[in-house]
Amino acid sequence: NVQPEAVWNGVIEKESQWAYPEEISFKKLLREVKTDNAKFRRRASKLKKHLRENFTEEKMYSLFIDSVNFTGEEDESIIVL
């Protein structure tokens, strides 16, 4: 979980998952990337394709609009400034 000093209510909640890299592991993986660069370039290429197909500006904008769209069914005591 998140360190108490990193909690930012509404942004980084205390229940959020958090990563704490270990220096030895980090260095080992950096060496692996350097020695087997082609493998990681292939993986990056696949991830790039996935991101471009699934997280387009239009899709993300649509999800954002849907998440904040006020249909009148929500609590009417909410005031938007």
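Residue numbers are given in the numbering used here: position 48 of the sequence shown equals residue 48, and the series is strictly consecutive. Yeah, the Cβ is synthetic: ideal placement off N, Cα and C, and Gly gets one too.
Rounded to whole angstroms, the gap between the alpha carbons of Leu47 and Ala38 is 14 Å. Cβ atoms of Ala6 and Ile12 come within 8 Å of each other, at about 6 Å. The beta carbon of Val33 is closer than 8 Å to those of Phe40 in its chain, skipping five residues each way along the sequence.
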